[in-house]
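Below is one structure, written out as structure tokens; the observations come after it.
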Ligand SMILES: Nc1ncnc2c1ncn2[C@@H]1O[C@H](COP(=O)(O)OP(=O)(O)OP(=O)(O)O)[C@@H](O)[C@H]1O
Ligand SMILES: Nc1ncnc2c1ncn2[C@@H]1O[C@H](COP(=O)(O)OP(=O)(O)OP(=O)(O)O)[C@@H](O)[C@H]1O
Ligand SMILES: O=C(O)CCCC[C@@H]1SC[C@@H]2NC(=O)N[C@@H]21
Ligand SMILES: [Mg+2]
Ligand SMILES: [Mg+2]
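Residue numbers (this note's numbering), protein chains in the order written: chain A, 1 to 208; chain B, 1 to 238; chain C, 1 to 238; chain D, 1 to 181.
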């Protein structure tokens, strides 16, 4: 599976993931404290500057990732024009673009493993209250296997259906699909047991 | 039967799984052999119209199997290599009755015929059994029964005898014979093709040999044994 | 090896799938035969400690395979009948490396060894391939490689040769031989058991015959052919 | 443990797989997606704890930047977007749905599952979603409620589907409905 990490190298790739997350959190928190227009203009200048610092090509790529936000910003602005609060509308739009933009930048410049490590460190306190994390890595691998597998099971079922029916499969095919999915889970748990030396009993990483 | 492929290619993720395959199959019993990954199962799916050729034309008894689904399911049936890829329904009788009802029979009629098929193989007791409680060979047999119950003119069998036991296989052979159906049999088991009319040998998506069964099989066997003896597999990597 | 079963029964949904099976297997190459649904795959799961016997005791090289998982995975490996029931990971190298890392090797080390195993079979290029893009026979080979790479003392093979092609099978035989591992091979293919020391014949969950390979196989073949010729299957229905 | 792990991963993957069904983005910037059906199923099939775990696993991967949300979206940005409230409400909703399922041992699985999906998967999630939109879009609660309203009919439909699927599983693979185990 492809992640959303940027193929274009930037200076930010080298920064520790933890620091980047810290800046992101502080920034997001701060911007929600105020609704002054000048503060927001400064924020958007900051985020744009950070992007441009990584080059034009990277900035364009990042802008493309923001595309889905634009149409909806238009709606926000229109709404505020209608309610005669253009400043308010501008502030909200800037806030969204700035926070989402900065968060995307962190996502695009941080390797998956590094980010995962930071999150795992953050989750450590949860271990104290009974959530076990040792299965997390395995769980991630399993999700990455199951997601395409489920889609493939769908294709398989459609083929099986088509091979004996003149009609297109109906939505009803989701029912057998859930059976296939459940059977896959059972088999994978057996397959894990066959090669995994961890004890069968013992709790997994979810709350139990 | 008359299964005709004209310059058929199939590309998946930029890989040419089949590459310019032309065949005109008119014999009653045709074998398909080839190494793992040579494209046999892909060929089977194409002949049944389950996937669309990237280029080329396929006709079975004059029917465009990809476009004309209605006639296709009446003409050609397929037993998948893996029974788990074929089974749709929770119980045995539902699974067998499904295909029959798709031919236009009423639900009752379809169930009736499904039960007949089951009893033909001595498995009446399976009717309301949950399929997932059957052993793999038993599930494979259910797949075979489901397709045979539809009595297609051509039946494509993708390694059908890897699950069922010997008595069941002998029984299946007799049943297939009595059905008067043309077979396209994909297999690694050369002896299963004894008595076949013709054999097609696929190699990395292309036809390597195609002709009278005995001659092709002899050559195929010699080559496979040569490959098996050599320990240098590098050049056959896919 | 020393695989010992004492009065093992396994009941599933009130059905006795295995019924009072006692075996003491010490030979190096042991075959298991029997009709569909006779309980072969269930026996394999029990020997590997994947399911808990309803009653009775199982020990492999002195290890209680159900309880003592840590030692069990080092001692006995299983290749499932259906490759799709075995594969856990998205890519080939992850799948093969997983078992190795479970033996206590570092991630890097495990990957290194996985690559070695792949190149032993001439398939280096598969390392980062998504498993679901492989053909069924190729997936089956991945399963075999994953288990062999763990070098267990005993390896249970449930119909391992129904997917791979002839050259691959010959290669596998050589590899298994070089590994110096004890085999318990479940198969419908009598010829695959040529040269085996001992054969166990299961019949409806019980041991029907157990002894020197050639004698048991001869009797088994005769009985299977007799059953196959008769068209009255009613009394063998499961 | 293996079984739990496999089921949790499977349901996280199920939410992801439902993301291939195309989304329709509304004026609020929050899309109508099929993924909330996955959230409901996590609760009704897996129960409270496992269900919430599966959803958190999914969100974890989204936060890591895997494109698992409908339309191939992912990354930390989502948690600052108008969807944020919904995303945070997902595990809570699954947990509540699972709790209803576990506590209310109605004879009929369909009924229990429908109520569970409705309470946890529709209302709780909507409550969080509304709060999220109010904050990110700087709206009053009544205004935000108005924005959340268009999702309700679709969500009711999804709750019906979740109930039907749960009942189907309970009939054909009773041991898989962990919320009732
Ligand atoms: N849940 C269940 N309920 C009833 N019977 C079951 C259940 N699970 C398995 N069985 C039965 O257990 C028997 C043994 O199955 P098993 O898979 O061990 O057979 P096998 O010898 O491996 O057969 P095959 O040659 O087809 O692979 C079968 O008859 C099957 O129908
Ligand atoms: N998505 C994909 N990307 C790349 N290659 C693919 C993809 N799907 C299938 N293939 C390749 O297509 C080839 C043909 O597969 P197919 O299943 O037809 O082989 P086969 O002859 O039936 O093999 P087997 O004897 O193992 O059943 C294989 O080499 C496989 O790796
Ligand atoms: O941005 C996303 O993809 C997640 C948005 C969450 C959408 C919520 S879930 C409940 C409600 N019902 C829908 O169909 N959409 C919203
Ligand atoms: Mg094949
Ligand atoms: Mg079996």
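In this text, a Cβ means the ideal position worked out from N, Cα and C, and glycines have one as well. Since this is a predicted model, take the numbers as computed values, not measurements.
For residue i, count the other beta carbons within 10 Å of its own beta carbon; 16 or more makes it buried, fewer makes it exposed. Which is it?
i	result
residue 104/D	exposed
residue 190/A	buried
residue 218/B	exposed
residue 198/B	buried
residue 116/C	exposed
residue 107/B	exposed
residue 180/B	exposed
residue 158/D	buried
residue 62/B	exposed
residue 93/D	buried
residue 53/B	buried
residue 205/A	Only weak support is given to the placement of residue 205/A: the predicted model assigns it a pLDDT of 38, under 50, and the value that follows is read from those uncertain coordinates. By the 10 Å Cβ count, residue 205/A comes out buried.
residue 188/A	buried
residue 128/B	exposed
Assign residue i to one of three DSSP states: helix, strand, or coil.
i	result
residue 69/B	helix
residue 104/D	coil
residue 236/C	For residue 236/C, the pLDDT reaches just 47, beneath the cut-off of 50, and the residue's location in the model is therefore unreliable, leaving the point undetermined.
residue 130/C	strand
residue 198/A	coil
residue 30/C	strand
residue 180/B	coil
residue 20/B	strand
residue 212/B	strand
residue 209/A	Any answer about residue 209/A is impossible in this case: the structure gives chain A only from 1 up to 208.
residue 203/B	strand
residue 9/B	strand
residue 154/D	helix
residue 15/A	coil
residue 30/D	coil
Do residue j and residue i count as a contact pair if the criterion is CB distance below 7 Å?
i	j	result
residue 59/C	residue 4/C	yes
residue 39/B	residue 205/B	yes
residue 49/B	residue 196/B	no
residue 29/D	residue 72/A	yes
residue 128/D	residue 85/D	yes
residue 9/B	residue 23/B	no
residue 175/A	residue 168/D	yes
residue 111/A	residue 31/A	no
residue 103/A	residue 48/D	no
residue 64/D	residue 178/D	no
residue 130/D	residue 145/D	yes
residue 24/D	residue 15/D	no
residue 227/C	residue 160/B	no
residue 28/A	residue 90/A	no
residue 97/D	residue 166/D	no
I think residue i touches residue j, with their Cβ atoms under 8 Å apart; what is that distance to the nearest whole Å?
i	j	result
residue 175/C	residue 148/C	6 Å
residue 135/C	residue 37/B	4 Å
residue 216/B	residue 184/B	Actually they do not touch by this definition, with Cβ atoms about 15 Å apart.
residue 181/A	residue 6/D	Wrong, their Cβ atoms sit about 11 Å apart, outside the cutoff.
residue 164/D	residue 37/D	With a Cβ gap of about 11 Å, residue 164/D and residue 37/D do not count as contacting.
residue 92/B	residue 142/B	6 Å
residue 20/D	residue 151/A	7 Å
residue 97/C	residue 114/C	4 Å
residue 154/C	residue 1/C	5 Å
Members of the segment 158–171 of chain A near chain B, C-beta cut-off 8 Å: Listed by position, the residues of the segment 158–171 of chain A near chain B (Cβ gap below 8 Å) are 159, 160, 161, 162, 163, 164, 165, 166 and 167.
Near-chain A residues of the segment 200–232 of chain C - C-beta to any C-beta below 9 Å: Flagged: no residues at all.
Contact set between the segment 158–179 of chain B and chain D, restricted to residues whose Cβ is under 9 Å from the partner: Per Cβ criterion, the list is empty.
Contact residues within the segment 174–190 of chain A, judged by C-beta distance below 7 Å to chain B: Residues of the segment 174–190 of chain A that bring their beta carbon within less than 7 Å of a beta carbon in chain B comprise 176, 179 and 183, in sequence order.
Proximal residues, the segment 183–196 of chain C versus chain B, C-beta separation under 7 Å: Residues passing the 7 Å Cβ filter: 188.
Selection of the segment 36–62 of chain C by Cβ proximity to chain B, strictly under 9 Å: Here the close residues are 36, 37, 38, 39, 40, 41 and 42.
Interface residues of the segment 131–155 of chain A facing chain C [CB-CB below 8 Å]: So the close ones are 141, 142, 144, 145, 148, 149 and 152.
Chain D contacts from the segment 99–117 of chain A (Cβ-Cβ distance under 7 Å): The segment 99–117 of chain A vs chain D, Cβ under 7 Å: 99, 100, 103, 104, 106, 107, 112, 115 and 116.
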